[in-house]
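Since the structure comes first, as C-alpha cells, the remarks are kept for the end.
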Amino acid sequence: MDYVEIEALLNTKHLTILGGFYPDADDDTPTDCKTLILLGPREPYFWKAFKNSTEYQRDQTDPLDEWSRQVIIKFALHLNATPLFPFGKAPYLPFYKWALRTQRSHESPIKLLVHDKAGLFVSFRGALSFNKKIELPKPPPNPCNKCSEPCLNACPVSAFASDNYHSELCKTHIMGKDSKNCVDSGCAARRACPVSKSFPRLPEQSAFHMNAFLKL
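Heads up: the sequence shown is residues 201 to 416, going by this note's numbering.
This is the structure:
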C-alpha cells in the first residue's frame with residue numbers, strides 16, 4: 201500500500217496520519233524501520249466512534265489507550281508493520297522527538313508540540329513502523345512562523361512562563377477557580393492557537409484529557 205491507501209485504511213477507524221519520516225540510526229526506532237508513520241485522531245469523527253467502543257463502555261482505567269492498542273495492532277497486522285505506542289511502561293518511546301522529525305509537528309512558543317492541522321491539540325495514539333520506504337508528502341511550513349503567538353499569554357496562571365511547564369500551578373487553578381473553563385473546554389493556551397481554533401476537536405474530548413491530567 202502507498203501513503204494514500206494507508207491513510208484511507210486508517211480513516212475507516214477514524215484515525216489519520218499526523219506525519220512520517222525516514223529514520224536514522226539515532227532515532228530509536230525498530231532496527232528494520234525504513235519508514236515511521238505517526239497516527240492520531242481524525243476529527244470530528246474520532247470521539248463519537250471511541251465513545252461507542254467496547255473499551256469506553258467498559259469504563260476501564262485507560263479506555264482510550266486500550267482502544268488505540270486494539271485498533272492499531274489490527275492495522276499493523278494487516279499492513280505488515282510494527283505497532284508502537286506513546287503509553288505503557290517506562291522507558292517510553294520518544295514520540296516528541298519522532299513528531300519533530302516528521303516536520304509536521306514543531307516546538308511551539310510554550311514548548312508543547314504544534315501540528316500543521318491539529319495545532320496545539322495534536323495527540324498521538326500510536327505509530328506504525330514499516331520495513332520498506334513509503335513515499336511521504338512534503339510537509340507544510342511551520343504554522344508558528346507567521347503567528348502572533350497568543351498561546352504565550354493565554355494561561356491565567358502563566359504555567360508556561362518559563363522553559364519548564366508548571367503542572368502543579370495549572371492543576372491548582374483548574375481544580376479551583378478555573379477562570380477560563382479549561383476543565384470542560386480544554387487548556388486555554390492550546391485553545392488560543394489559531395490552528396487549534398480551526399481544528400474540529402470536540403470540547404467533550406478535551407474535557408476527557410483534562411480529567412485524565414488531573415488524575416496524574
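Every residue gets a Cβ at the ideal spot worked out from N, C-alpha and C, and that includes glycine.
| said: Going by beta-carbon coordinates alone, are A276 and P283 separated by less than 8 Å? | reply: On the sequence shown, position 76 is the one that residue 276 refers to. On the sequence shown, position 83 is the one that residue 283 refers to. Going by C-beta atoms, A276 is nearer than 8 Å to P283.
| Just the Cα atoms here: how many angstroms apart are V314 and A208? | Taking the first residue of the sequence shown as position 1, residue 314 is located at position 114. Taking the first residue of the sequence shown as position 1, residue 208 is located at position 8. The straight-line gap from Cα to Cα measures roughly 24 Å.
| task | Keeping to the same chain, check which residues put their C-beta closer than 8 Å to that of G319; ignore five residues upstream and five downstream. | result | The residue you call residue 319 lines up with position 119 of the sequence shown. Around G319: P343, R390, C393, P394, V395, S396, K397, S398, F399.
| request: Check whether the Cβ atoms of R242 and T216 lie closer than 8 Å to each other. | output: The residue you call residue 242 lines up with position 42 of the sequence shown. The residue you call residue 216 lines up with position 16 of the sequence shown. Their beta carbons are under 8 Å apart, which means R242 touches T216 by this criterion.
| Is the beta carbon of L369 less than 8 Å from the beta carbon of T302? | Reading the sequence shown from its first residue, position 169 is the one you call residue 369. Reading the sequence shown from its first residue, position 102 is the one you call residue 302. No, these two residues do not count as a Cβ contact at 8 Å.
| query | Count the other CB atoms within 10 Å of the CB of S308; is the residue buried (16 or more) or exposed (fewer)? | reply | As a working note, residue 308 is residue 108 in the sequence shown. With 16 or more Cβ atoms within 10 Å of its Cβ, S308 is classed as buried.
| said: Looking at the strands, I want to know which residues DSSP matches up with H315. | reply: The count along the sequence shown starts at 1 and reaches residue 315 at position 115. Partner(s): S305, G319.
| field | Under the three-state DSSP convention, the category I310 falls into | value | In the sequence shown, residue 310 corresponds to position 110, counting from 1. If DSSP states are grouped into helix, strand and coil, I310 belongs with coil.
| query | Between the beta-carbon of P356 and the beta-carbon of S385, is there less than 8 Å? | reply | For the purposes of this step, residue 356 is taken as the residue at position 156 of the sequence shown. For the purposes of this step, residue 385 is taken as the residue at position 185 of the sequence shown. Contact flag unset, no.
| request: Report buried or exposed for K213, applying the criterion of at least 16 other Cβ atoms within 10 angstroms of its Cβ. | output: As a working mapping, residue 213 is identified with position 13 in the sequence shown. K213 should be labelled buried.
| message | Is it buried or exposed, H278, if we count other Cβ atoms within 10 angstroms and call 16 or more buried? | response | Here residue 278 is taken as the residue at index 78 of the sequence shown, counted from 1. Exposed, because fewer than 16 other Cβ atoms sit within 10 Å of the Cβ of H278.
| Just the Cα atoms here: how many angstroms apart are L293 and L328? | Sequence index remark: in the sequence shown, residue 293 carries index 93 (1-based). Sequence index remark: in the sequence shown, residue 328 carries index 128 (1-based). If you take the alpha carbons of L293 and L328, they lie about 13 Å apart.
| message | The alpha helix (DSSP H) that contains S385, what's its start and end? | response | On the sequence shown, position 185 is the one that residue 385 refers to. 382–385 is the extent of the alpha helix (DSSP H) around S385.
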